[in-house]
């Protein structure tokens, strides 16, 4: 709460007519939002696109349970699913009216790329390593990222820094 | 398009039209219009007298009563209201301040020539008058809050009509509580559980929808006394600026 002598902005903020979806949450809530997003089944966000990727190789019951975390934190994720997550995040980042906080979309985007790099030894982006490394460094600077996501990103950052990315195509 | 505002609003009908109906006659129409206008503005005037002029509640009520009789009824202040010459609430506040100056002057005069008691210095009297003439934001702040509370009331009614009590509860937990009741906002994790939001996008969508609904109700409220869309936006910007620079003032219960 503001001090008695400080301007009280909260009443003024109520009168804001331009509601920016990406600013409706407070900074300290982003950890909870990330946790929520990671627990969302892929099928719920991407529907038939997920089915098309997973159906040939996975039993149907796994389909409904597979979450963002299941893929991003997996020691051997399906590359197609990482690509789907990357495209899902990219779509939200490109859409100025997106309802997904930009930080969350960025984390999904870079973690999908990082996981492909360190778990599958594959690149799933045509962006230069330097750009990816900068993005991962920025993502790692967010103090509220969960440990498992951080571990994937850190591993990729180390790999990129060591110049060891000579693997696979886009 | 939103539904029409409920009929028990304290912001009934268009302001300038209503003011023109207050013609000083004793007709039922004029009396109703007068009552409606007074109901709308008196709380803000009362807040102004108490908070800015430091009058007791009783003194403020007494002074307002005198103001209504002397300026609004006898001198037909409403009849002088002209949309081309600025906002009615500005006219109202200027008139109240003038009335207050005269009131203070009369009181000082009575004290300066008392049957018993001390003689007040001219310097002391002029300071009091100068203070009484200073412009103040208190009335505008009280008015802005009246507008917000009315917009909230409309939103509540709208949510009821649309069967979206969840939007109202969400807005209450995230916006009204922290602003008016000085409560912490309903935490994200709690509202996800409470409203079974499956994804962050769903949760954001609900909160954005609630906030946009309120913004619409706010415009609708201000449109009751401003004429054009541009005037409505100007008024909201003005009120927002007044509230942004205001120091914390205890809120009235809503």
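Protein chains in written order, with my numbering: chain X, 1 to 170; chain B, 1 to 254.
Where a beta carbon is used, it is the ideal one built from N, C-alpha and C, also for glycine.
These numbers were taken from a predicted model, which means no experiment stands behind them.
State buried or exposed for residue i, treating a residue as buried only when at least 16 other CB atoms are found within 10 Å of its CB.
i	result
residue 11 of chain X	buried
residue 161 of chain B	exposed
residue 125 of chain X	buried
residue 128 of chain X	exposed
residue 104 of chain X	buried
residue 25 of chain X	buried
residue 65 of chain X	exposed
residue 28 of chain X	exposed
residue 162 of chain X	exposed
residue 230 of chain B	exposed
residue 153 of chain B	buried
residue 90 of chain B	exposed
residue 194 of chain B	exposed
residue 138 of chain X	exposed
residue 237 of chain B	exposed
residue 163 of chain B	exposed
residue 245 of chain B	exposed
residue 158 of chain X	exposed
residue 69 of chain B	exposed
residue 97 of chain X	exposed
residue 220 of chain B	buried
residue 40 of chain B	buried
residue 172 of chain B	buried
residue 181 of chain B	exposed
residue 107 of chain B	exposed
residue 174 of chain B	buried
residue 135 of chain X	buried
residue 239 of chain B	buried
residue 228 of chain B	exposed
So, with DSSP's three-state summary, where would you put residue i?
i	result
residue 41 of chain X	strand
residue 155 of chain B	helix
residue 144 of chain X	coil
residue 95 of chain X	coil
residue 15 of chain X	coil
residue 163 of chain X	coil
residue 26 of chain X	coil
residue 125 of chain X	coil
residue 21 of chain X	helix
residue 156 of chain X	helix
residue 87 of chain B	coil
residue 78 of chain X	coil
residue 135 of chain X	helix
residue 246 of chain B	coil
residue 2 of chain B	For residue 2 of chain B, the predicted model reports a pLDDT of 37, less than 50, meaning its position is unreliable; a value from the coordinates is still stated below. Coil, per DSSP.
residue 103 of chain B	helix
residue 73 of chain X	coil
For residue i, which residues does DSSP report across the bridge?
i	result
residue 67 of chain X	X:41
How close, in whole Å, do the beta carbons of residue i and residue j come, if the pair is a contact with beta carbons under 8 Å?
i	j	result
residue 185 of chain B	residue 177 of chain B	7 Å
residue 142 of chain B	residue 47 of chain B	4 Å
residue 140 of chain X	residue 148 of chain X	So it is not a contact: roughly 13 Å between Cβ atoms.
residue 89 of chain X	residue 112 of chain X	7 Å
residue 45 of chain X	residue 199 of chain B	6 Å
residue 82 of chain X	residue 71 of chain X	6 Å
residue 100 of chain B	residue 53 of chain B	7 Å
residue 77 of chain B	residue 56 of chain B	The pair is not a contact, with the Cβ atoms about 25 Å apart (cut-off 8 Å).
residue 215 of chain B	residue 17 of chain X	5 Å
residue 99 of chain X	residue 209 of chain B	Not confirmed; about 10 Å, so no contact.
residue 42 of chain B	residue 151 of chain B	Residue 42 of chain B to residue 151 of chain B, Cβ: 19 Å. No contact.
residue 93 of chain B	residue 139 of chain B	5 Å
residue 116 of chain X	residue 69 of chain X	Not really, about 16 Å apart at Cβ, beyond 8 Å.
residue 235 of chain B	residue 222 of chain B	5 Å
residue 131 of chain X	residue 155 of chain X	Contact flag wrong, Cβ pair sits at about 18 Å.
residue 30 of chain X	residue 101 of chain X	6 Å
(message) What ranges does the alpha helix (DSSP H) occupy inside the segment 98–122 of chain X, keeping only unbroken runs of at least 4 residues that lie completely in it?
(response) 102–119
(message) Threshold first: 3 residues or longer. Then list the beta strand (DSSP E) segments lying entirely within the segment 162–234 of chain B, N to C.
(response) none
(message) List, from N- to C-terminal side, the alpha helix (DSSP H) runs of 4 residues or more that fit wholly inside the segment 18–80 of chain B.
(response) 28–47 and 57–67
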